[in-house]
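Protein chains: 2
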Amino acid sequence: MSHTLGLRQAQKQKTRQALLDAALGLLEEQSLSSLGLREVTRAVGVAPTAFYRHFRSTADLGVALVEEALGSLHPMIRTIVSSSGDSDQRIERAVGLIAQHVATHPAHVRFIARERHGGVQSVREAIQDQLARFAEEVKAALVKDPVSAGWNDDDLLMLADLYVDQMLMTASLFLDVLEAPEEERRRVAHVATRQMRLISIGREHWLD
Amino acid sequence: MSHTLGLRQAQKQKTRQALLDAALGLLEEQSLSSLGLREVTRAVGVAPTAFYRHFRSTADLGVALVEEALGSLHPMIRTIVSSSGDSDQRIERAVGLIAQHVATHPAHVRFIARERHGGVQSVREAIQDQLARFAEEVKAALVKDPVSAGWNDDDLLMLADLYVDQMLMTASLFLDVLEAPEEERRRVAHVATRQMRLISIGREHWLD
DNA sequence: AATTCCAGAGAACAGTTGTTAACTGCATGG
DNA sequence: CCATGCAGTTAACAACTGTTCTCTGGAATT
């Protein structure tokens, strides 16, 4: 893998990224299934036909956006699951990290929340795949935790799924209050923290 | 309130319902923000301009669909929360009812899951409002449960929200496997049941 | 029986869409 | 240095969109 690209390919990737960025911006107030190819190229300042040099369709662009959006989320997950400390500390740190990620990548979070159940099949599938990966990763981390002693594989995956879903729900809630006064943002964080805590308590008593 | 409508109004409501039904059908493979008014009228077999006799815009129609879709869900919630028996029995009955509702009203469930985070603000808000109502209702039922003794209002609402979200997540999962072999549908039901159970366990030990 | 009302039809509008084909200019590799 | 490759342009297409205005037939009201 040469990381020194020719001027040619460098410029190409630059426009490609511009298309992705423009699309992400336009998707703040609509869904992917209504995103037009001309709309995107117009926002970038490039001819409509240039779009085809990079993507077969807007659905194709959507799949690329999934990679980008969930790629940025991946390192955060690793940080959360590898975090040390007691249960409450880890939960508060996790909620804080989620809030921070939503604040720095709001468009990514919005895109995933929106298109996870959205109208474009290929994009839905791409998201499901990546989330399944995340769940596997969470599960792998759970295995190493002493609390998980005696748990079977199925139950570990069911808990991992629950955590992933809860993480997305929380992220979406943070997104809704992004512009709201800090008081309300703290309220959302407080609710999310206690929901996570309740799940953790359920986890600790699962084998009773 | 006279429930005997004139021929006039009866025919009008009939067309209105036809528009709603056609829209719901078209929304199986796209999102509301890409649904065209002409598309809907064409599916019904009526002139495009007739649309305006019933809705200001497709967003307006979307809000009407929220009423319809979540209206059909309301009685189910009441059944679930007023269900008797021990925790495990109630959970299994709840999961069964959700599965049944998804099987009988798949388009409604898809619409809510899709547009909850979708691209049309007014519809998103309408869904949030209704879901907040549901959470209040769940909370009201939780108060009556002896397990909730000593819980404060905030924690009850946070648990109610968790239940509502979990219900929607489960419904969406059932939707994904609607056409799948029964084995996989049973697997989904099994996972959902254990997730609910884990939450219930957390609830029982919340005050420890 | 005469009048009003109104759900729906019809036609026309300016503007938009995705896709095609043939092009231009410049970075690239021989 | 010259030939090739290819990112992006230009022009044109048929098809589609939301919205307006005008009209019509039959139910509702008097």
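If you read the protein sequences in the order shown, they are chains A and B. Its first residue numbered 413, the first sequence is counted upward by one per residue in this note's numbering. Its first residue numbered 413, the second sequence is counted upward by one per residue in this note's numbering. The C-beta atom is built at its ideal place from N, Cα and C for all residues, glycine as well.
Proximity to A/S494 [Cα-Cα], best of A/V559, A/F463 and A/E549: Residue numbering aside, residue 494 of chain A sits at position 82 when the first sequence is read from its first letter. The shortest C-alpha separation from A/S494 is found at A/E549.
Cα-Cα separation between B/L449 and B/E527, rounded to whole angstroms: Mapped onto the second sequence, residue 449 of chain B falls at position 37. Mapped onto the second sequence, residue 527 of chain B falls at position 115. Taking the straight line from one Cα to the other gives about 17 Å.
Partner residues on chain A for B/M581, Cβ-Cβ distance less than 7 Å: As a first step, residue 581 of chain B is located in the second sequence; it is residue number 169 there, counting from the start. Within chain A, the residues near B/M581 are D577.
Close beta carbons around A/L459, own chain, < 7 Å, minus the five adjacent residues each side: Start at 1 with the first residue of the first sequence, and residue 459 of chain A comes out as number 47. According to the sequence as given, residue 459 of chain A is Ala; it is not Leu. Closer than 7 Å at the Cβ level, and outside the excluded window around A/A459, lie T453.
Local conformation of A/F586 per DSSP, three classes: Counting from 1 along the first sequence, the entry for residue 586 of chain A is found at position 174. In this structure, A/F586 counts as helix in the three-state DSSP scheme.
Chain B within 9 Å of A/Q542, Cβ atoms only: For the purposes of this step, residue 542 of chain A is taken as residue 130 along the first sequence, with counting starting at 1. With 9 Å as the cut-off, A/Q542 does not count as an interface residue toward chain B.
A/L580 versus A/L587 - alpha carbon distance: The residue labelled residue 580 of chain A in the question sits at position 168 within the first sequence. The residue labelled residue 587 of chain A in the question sits at position 175 within the first sequence. The straight-line gap from Cα to Cα measures roughly 10 Å.
Those runs of the alpha helix (DSSP H) which lie wholly inside the region 445-513 of chain B and span at least 4 residues: 449-456 and 470-493
Spatial distance of B/L569 from B/K551 (CA atoms): Taking the first residue of the second sequence as position 1, residue 569 of chain B is located at position 157. Taking the first residue of the second sequence as position 1, residue 551 of chain B is located at position 139. The alpha-carbon atoms of B/L569 and B/K551 are separated by roughly 6 Å.
Rounded Cβ spacing between A/I539 and A/I524 (contact assumed at less than 8 Å): Counting from one through the first sequence, the residue named residue 539 of chain A turns up at place 127. Counting from one through the first sequence, the residue named residue 524 of chain A turns up at place 112. Contact holds; Cβ gap of about 6 Å.
Closer than 9 Å to chain B by CB, A/S612: Locating residue 612 of chain A in the first sequence gives position 200, where the first residue counts as 1. At least one chain B Cβ lies under 9 Å of A/S612.
Nonlocal neighbours in the same chain, by C-beta distance under 7 Å from A/M413, ignoring five residues either side: Residue numbering aside, residue 413 of chain A sits at position 1 when the first sequence is read from its first letter. Bear in mind that the predicted position of A/M413 carries a pLDDT of just 44, short of 50, making it too unreliable to give a figure here.
Cβ-Cβ distance between A/S499 and A/E616 below 9 Å: What you label residue 499 of chain A is simply residue 87 of the first sequence in a count that begins at 1. What you label residue 616 of chain A is simply residue 204 of the first sequence in a count that begins at 1. Yes, the Cβ-Cβ distance between A/S499 and A/E616 is below 9 Å.
The region 434-464 of chain A: positions lying closer than 7 Å to chain B by Cβ: E441, Q442, S443, S445 and S446
Three-way DSSP call (helix, strand, coil) for B/T427 in this model: Numbered from 1 along the second sequence, position 15 holds the residue referred to as residue 427 of chain B. The answer is helix: DSSP assigns B/T427 an H, G or I state.
Spatial neighbours of B/L482 in its chain, beta-carbon cut-off 6 Å, leaving aside the 5 residues before and after: Taking the second sequence and counting its residues from 1, the one referred to as residue 482 of chain B is at position 70. Hits under 6 Å: Q542.
Interface residues of the region 588-605 of chain B facing chain A [CB-CB below 7 Å]: V603
6 Å CB neighbourhood of A/V521 in its chain, flanking five on each side removed: The residue given as residue 521 of chain A occupies position 109 in the first sequence. Correct list, in chain order: V514, A583 and L587.
Beta carbon of B/S443 nearer than 9 Å to that of A/G530: On the second sequence, position 31 is the one that residue 443 of chain B refers to. On the first sequence, position 118 is the one that residue 530 of chain A refers to. Their beta carbons are under 9 Å apart, which means B/S443 touches A/G530 by this criterion.
heavy atom of the ligand GTP below 8 Å from A/E451 C-beta: Ligands displayed in this structure: none; no statement on the ligand GTP is therefore possible.
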